[in-house]
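Colleague:
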Amino acid sequence: MKYSKFKLVLAAGMLTLTLPACEKQLEEYNPSGLTAENVYTTPAGFETLVNAAYSYNRWWYGKEDGYSISEMGTDLWQRGAGDVNPDLTDYTTLQGSSRALESLWGKLYAAVNLCNAGINRIGQSGMTDAQMKTREGELRFLRAFYYWHIVETWGGVHFTTEETTTVQTTANRTPVDTFYNQIFEDLNIAVANLPTTTTDYGRVTKPAAEAFLAKMYLTRGQNKEAADLAEKVISGYSFTLQKSYADLWSMTNLENKEVLWAVNYAKELSLNDRVDINLFPEPYGHPRGGNNGHLLWTMKYDDQPGMTRDIANGRPFNRYMPSLFLLRLFDETKDSRYLASFKTAWIANTAVTGAKPLAKGDTAILATKKEIPTSVENAKNYRTYDLSKVYNPNTGAVVGDRLHYVCLRKFDDPTRPTIAEEQSARDAYIIRLADVYLMAAEANFKLGNLPKAVTQINTVRRRAAIPGKESQMEIAASNLSLDFILDERARELAGEQLRWFDLKRTGKLVSRVKANNPEAGASIQDYHMLRPIPQRQLDAIQNRAEFTQNQGYR
Numbered sequence: 002m003k004y005s006k007f008k009l010v011l012a013a014g015m016l017t018l019t020l021p022a023c024e025k026q027l028e029e030y031n032p033s034g035l036t037a038e039n040v041y042t043t044p045a046g047f048e049t050l051v052n053a054a055y056s057y058n059r060w061w062y063g064k065e066d067g068y069s070i071s072e073m074g075t076d077l078w079q080r081g082a083g084d085v086n087p088d089l090t091d092y093t094t095l096q097g098s099s100r101a102l103e104s105l106w107g108k109l110y111a112a113v114n115l116c117n118a119g120i121n122r123i124g125q126s127g128m129t130d131a132q133m134k135t136r137e138g139e140l141r142f143l144r145a146f147y148y149w150h151i152v153e154t155w156g157g158v159h160f161t162t163e164e165t166t167t168v169q170t171t172a173n174r175t176p177v178d179t180f181y182n183q184i185f186e187d188l189n190i191a192v193a194n195l196p197t198t199t200t201d202y203g204r205v206t207k208p209a210a211e212a213f214l215a216k217m218y219l220t221r222g223q224n225k226e227a228a229d230l231a232e233k234v235i236s237g238y239s240f241t242l243q244k245s246y247a248d249l250w251s252m253t254n255l256e257n258k259e260v261l262w263a264v265n266y267a268k269e270l271s272l273n274d275r276v277d278i279n280l281f282p283e284p285y286g287h288p289r290g291g292n293n294g295h296l297l298w299t300m301k302y303d304d305q306p307g308m309t310r311d312i313a314n315g316r317p318f319n320r321y322m323p324s325l326f327l328l329r330l331f332d333e334t335k336d337s338r339y340l341a342s343f344k345t346a347w348i349a350n351t352a353v354t355g356a357k358p359l360a361k362g363d364t365a366i367l368a369t370k371k372e373i374p375t376s377v378e379n380a381k382n383y384r385t386y387d388l389s390k391v392y393n394p395n396t397g398a399v400v401g402d403r404l405h406y407v408c409l410r411k412f413d414d415p416t417r418p419t420i421a422e423e424q425s426a427r428d429a430y431i432i433r434l435a436d437v438y439l440m441a442a443e444a445n446f447k448l449g450n451l452p453k454a455v456t457q458i459n460t461v462r463r464r465a466a467i468p469g470k471e472s473q474m475e476i477a478a479s480n481l482s483l484d485f486i487l488d489e490r491a492r493e494l495a496g497e498q499l500r501w502f503d504l505k506r507t508g509k510l511v512s513r514v515k516a517n518n519p520e521a522g523a524s525i526q527d528y529h530m531l532r533p534i535p536q537r538q539l540d541a542i543q544n545r546a547e548f549t550q551n552q553g554y555r
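Going by the working numbering, the first residue of the sequence shown is number 2, and it counts up by one from there.
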């Protein structure tokens, strides 16, 4: 759904009335003078509410804070030199003062409040019965989706299904089971109400809702329901894995048959609302706008001979670097996902003269997880960042400058108009078919149905194979374990804002971080299975004795 700017502005005029207490500056600001009573009672006005409810996904998916919360502090990533959320990456200073957590706490609750408003007001929208059924299905799905982020991140915190229109000075502590009861209720209604397909790309559909419901079943240990529903999604619709893994990441192939649901960013970057102060007066960073993923994983390449910054190689914010554990998960002799996921070579775009000359088109930089003999390095004109220059080969600790390393390339965007452009039109995939296959495999493994789990994993692995190596990529039941499934999810889904949730769901967060991330592993504790409630929220309420900080945090 490529949102029109007018629709979002209209909705935002009313959103300012309903944000939670920690966003006081916004609650008092309503430049349009519009109210819910005179806008949401028309079909066109109600559409602005639904569109705005979708828009809150853009604060998390394809954005730096969302990446830090969902990918960092896991077994797969360590901080680059430019990491602005090291508290989430390493756990050493993680407290309620976390700026990223504070920001997304407010946005998620604002999103839930908007969904509550829409669900409770839809009968007065003036829409036809068919329209109301579909829009309620969307709002129910979105409320479940946002509440899942809240309850998994912070646990049993504030919960309501009622619209808030005034400043709230108290908050409730609600059991996790209550959250999930509502999530399941909302998703079942969404599945019943939503259409199978949509011509408005970006809107959620019945199969996307079923896939997310399958993940909720998996999260809550209802493995039979998870397996059955995931298999229904796999076989019951027209979704299909892309022919090659690399095809997924082409900027010309974003709306492909593997994607069940994505946060869609406008190709016309001016429509992405990056700096509209009336809409989103965020004081820090780039929460709105286009996808920012292309900035965050790119190393500092433009300080090396033969390289000047250009559009093709990207703007290097060097926020995150892969753990050695992640790089070693791949056998690149048969698995195409390594080179499709990671950039290891940079080609000179500027000629170099002198003792080690480079012509344009020569290799200028090579980054590798392997060790290169010194004699070979000395014979090359290009710069090398091999294993021992970046990591301790035995512990995986970073020993390099955190500026030069193998880089995740999935989110690169060579179509940006200028070298300084921070926005990308790349859509952020939220649910794709390979994830559904791996969810089904996880559920079947837990049920003891190893043959089916192996078949589902092998479907994903055969697609990932270098042509001609398909049989070598297949596994047998003897290879299967929960850790293998998590390894496979890492190979397939690294960087796609799922990892922290995957490790928490499987009860493996602490153990795998300790085993595979020498920096975060030194600090992570059992209480890090939940994140700290923002201190600003705690300070804003009057019932602080009842609504207290999560255990382990000050």
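Just so you know, even glycine gets a beta-carbon here, dropped at the ideal spot from N, CA and C.
Anyone know if the C-beta pair for W78 and P323 falls short of 8 Å?
Modeller: yes
Colleague: Given a cut-off of 8 Å, decide if N292 and L425 are closer than it, judged by their beta-carbon atoms.
Modeller: Sequence check: residue 425 is Ser here, not Leu. In this structure, N292 lies closer than 8 Å to S425 by Cβ.
Colleague: State whether the region 216-235 contacts the region 438-452, with contact taken as three or more CB pairs (one from each stretch) at a distance under 8 Å.
Modeller: Taking one beta carbon from each stretch, the region 216-235 and the region 438-452 have 3 or more pairs nearer than 8 Å; the two touch.
Colleague: Are A465 and R329 closer than 8 Å when you measure CB to CB?
Modeller: no
Colleague: If you draw a straight line from the C-alpha of W347 to the C-alpha of E48, how long is it?
Modeller: CA-CA distance, W347 to E48, rounds to 46 Å.
Colleague: I'd like to confirm the pairing. Which residues does DSSP put opposite V264 in its beta bridges?
Modeller: A429
Colleague: State yes or no: is the C-beta of V407 within less than 8 Å of the C-beta of F326?
Modeller: no
Colleague: Applying the 10 Å Cβ sphere with the 16-neighbour rule, what's the burial state of S271?
Modeller: exposed
Colleague: Does DSSP classify K344 as helix, strand or coil?
Modeller: strand
Colleague: Hey, how far is the Cα of G362 from the Cα of T416?
Modeller: Computed Cα separation, rounded: 20 Å.
Colleague: With respect to the alpha helix (DSSP H) encompassing M217, which residues constitute its N-terminal and C-terminal limits?
Modeller: First-last of the alpha helix (DSSP H) with M217: K207 to T220.
Colleague: If contacts are defined as beta-carbon pairs under 8 Å, then W155 and N551 qualify, I think. What distance do you get, rounded to the angstrom?
Modeller: 7 Å
Colleague: Alpha carbon to alpha carbon, how far is V511 from M530? Give it in angstroms, no decimals.
Modeller: 8 Å
Colleague: Which runs of the alpha helix (DSSP H) fall wholly inside the region 521-547 and span at least 4 residues, in chain order?
Modeller: The region 521-547 contains these whole alpha helix (DSSP H) runs: 536-541.
Colleague: Shorter than 7 Å, the distance from the beta carbon of F185 to the closest heavy atom of the ligand COA, or not?
Modeller: Annotation note on the ligand COA: not contained in the displayed structure, which lists no ligands.
Colleague: Under three-state DSSP, which class holds V400?
Modeller: coil
Colleague: With A368 as the anchor, note down where its beta strand (DSSP E) starts and where it stops.
Modeller: T364 to A368
Colleague: For K244, count neighbouring Cβ atoms within 10 angstroms of its own Cβ and tell me buried if that reaches 16, exposed if not.
Modeller: exposed
Colleague: Measure the alpha-carbon distance for D231 versus T253 and round it to whole angstroms.
Modeller: Strictly speaking, residue 231 in this sequence is Ala, with Asp absent from that position. Using only the alpha carbons, I get a separation of about 28 Å.
Colleague: Use the C-beta contact count for K411: other C-beta atoms within 10 angstroms, 16 or more gives buried, fewer gives exposed.
Modeller: buried
Colleague: So what's Y57 in DSSP terms, helix, strand or just coil?
Modeller: helix
Colleague: Shortest alpha-carbon distance to G237 belongs to which of A212, W106 and A368?
Modeller: A212
Colleague: Leaving out five residues before and five after W61 in sequence, what residues of the same chain have Cβ atoms less than 6 Å from its Cβ?
Modeller: G67
Colleague: Residues in its own chain within less than 6 Å of K453 by CB, not counting five upstream and five downstream?
Modeller: N445
Colleague: Can you list, in chain order, the residues of its chain whose CB lies under 6 Å from that of G81, leaving out five sequence neighbours each side?
Modeller: So the list reads N319, R320, Y321, M322 and R403, once near-sequence residues are dropped.
Colleague: Where do the N-terminal and C-terminal ends of the alpha helix (DSSP H) with P452 fall, by residue?
Modeller: Segment L451 to A465, the alpha helix (DSSP H) holding P452.
Colleague: With burial defined as no fewer than 16 other Cβ atoms inside 10 Å of the residue's Cβ, what is the status of A421: buried or exposed?
Modeller: exposed
Colleague: Roughly how many angstroms lie between the CA atoms of N194 and P519, to the nearest whole one?
Modeller: Take the alpha-carbon of N194 and the one of P519: they are about 47 Å apart.
Colleague: Let me check understanding here. Comparing Cα to Cα, which of V51, C116, T94 and K64 lies closest to R532?
Modeller: T94
Colleague: Work out the CA separation of R310 and P358 for me, nearest whole Å.
Modeller: 19 Å
Colleague: For P323, report the span of its beta strand (DSSP E) as first-last.
Modeller: Start and end: Y321 to P323.
Colleague: Could you spell out the range, first to last residue, of the beta strand (DSSP E) harbouring Q79?
Modeller: W78 to R80
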